[in-house]
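> Take this structure, written in structure tokens, and hold onto it; I'll ask about it next.
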Amino acid sequence: MKSVMQGPEWDRSEELADRIGLPIDVWDELFGRGWRLNDSEPWHDYDSDPSGGEGHPVTPWHLKGDPPQLMLRVFHHGIFIARPAGLRRDDGRVEFHESAQEYVAFEQLAHQGPEIVKWMLTSRRRQFRWCPQCWTHTPPEEWAADRCVRCHRSVG
């Protein structure tokens, strides 16, 4: 089955690189391709927003990976890089919100960006577990009881 997250039509990498002012090859080296808009309900943490939410439009979070392994949010002065935290809703959908976010000013991206990205990816991937039934590497939001959600549903 083809994932809905394949192909250039959903990838927002070029748009984000342009917004930050990075050439696409520099963006690719720092963040890679495969960024999409986070379609979870809008939420704004005014305490961690250096602008205080005043006078600046709230920019949306973007996700990278399937399952999501990194989040990014662009402001006019810098970016937030975060680890996604998934929450399964009653309707079965998974919403992602940021956790362990780090702010990086644009002028510090080349110096701080790679280290922060590596740390976020490592900390997110450490949360994954292997399903003992299907042997799929599974993020916490796709885990139910003692196996992945898919296998849990198939057993009943």
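If you're matching positions, the sequence shown starts at 7 in the numbering used here and goes up one per residue.
All residues carry an ideal CB built from backbone N, CA and C; glycine is no exception.
These numbers come from a predicted model, not from an experiment.
Going by CA-CA distance only, name the one from R42, W149, F112 and I26 that's closest to L69.
Position 63 of the sequence shown holds residue 69. Of the listed residues, the one whose Cα sits closest to L69 is R42.
> W125 by DSSP, collapsed to three states: which one?
Here residue 125 is taken as the residue at index 119 of the sequence shown, counted from 1. If DSSP states are grouped into helix, strand and coil, W125 belongs with the helices.
> Would you identify the three-state DSSP class for Q75, choosing helix, strand or coil?
In the sequence shown, residue 75 corresponds to position 69, counting from 1. In this structure, Q75 counts as coil in the three-state DSSP scheme.
> How many whole angstroms separate the CB atoms of L76 and I85, which I take to be in contact at a CB cut-off of 8 Å?
In the sequence shown, the residue the question calls residue 76 occupies position 70. In the sequence shown, the residue the question calls residue 85 occupies position 79. Not confirmed; about 11 Å, so no contact.
> Going by C-alpha to C-alpha distance, which of P74, E101 and F81 sits closest to R25?
Locating residue 25 in the sequence shown gives position 19, where the first residue counts as 1. It is F81.
> Write down the C-beta distance between I87 and E108 rounded to the nearest angstrom, noting that I regard them as a contact closer than 8 Å.
To locate residue 87, count along the sequence shown from 1; it is residue 81. To locate residue 108, count along the sequence shown from 1; it is residue 102. Yes, I87 and E108 are in contact; Cβ-Cβ is about 5 Å, under 8 Å.
> From E148 to D96, what distance separates their C-alpha atoms?
On the sequence shown, position 142 is the one that residue 148 refers to. On the sequence shown, position 90 is the one that residue 96 refers to. Roughly 13 Å between the two C-alpha positions.
> What does the alpha-carbon distance come out to for the pair P145 and P138?
The residue given as residue 145 occupies position 139 in the sequence shown. The residue given as residue 138 occupies position 132 in the sequence shown. Roughly 14 Å between the two C-alpha positions.
> Verify whether the separation of the beta carbon atoms of R89 and A116 is less than 7 Å.
The count along the sequence shown starts at 1 and reaches residue 89 at position 83. The count along the sequence shown starts at 1 and reaches residue 116 at position 110. No, they are not a contact pair.
> Buried or exposed: where does E104 fall if 16 or more other Cβ atoms within 10 Å of its Cβ makes it buried?
As a position in the sequence shown, residue 104 is number 98, starting the count at 1. By the neighbour-count rule (16 or more Cβ atoms within 10 Å), E104 is buried.
> Which of the three DSSP states, helix, strand or coil, is assigned to H62?
Numbered from its first residue, the sequence shown carries residue 62 at position 56. Low local confidence applies: a pLDDT of 48 at H62 is under 50, so the model's placement there is unreliable, and no value is given.
> Could you name the residues of the same chain whose beta carbon sits closer than 8 Å to that of A111, not counting the 5 residues immediately before and after it, in chain order?
Counted from its first residue, the sequence shown places residue 111 at position 105. Taken in chain order, the residues that qualify are H83 and G84.
> How long is the line joining the alpha carbons of R131 and I122, rounded to whole angstroms?
Along the sequence shown, one-based indexing puts residue 131 at 125. Along the sequence shown, one-based indexing puts residue 122 at 116. Roughly 14 Å between the two C-alpha positions.
> Is the beta carbon of H143 sitting closer than 7 Å to the one on A151?
The residue labelled residue 143 in the question sits at position 137 within the sequence shown. The residue labelled residue 151 in the question sits at position 145 within the sequence shown. No, the Cβ-Cβ distance between H143 and A151 is not below 7 Å.
> Tell me R94's beta-bridge partners as DSSP assigns them.
The residue labelled residue 94 in the question sits at position 88 within the sequence shown. DSSP output for R94 lists V100 as bridge partner(s).
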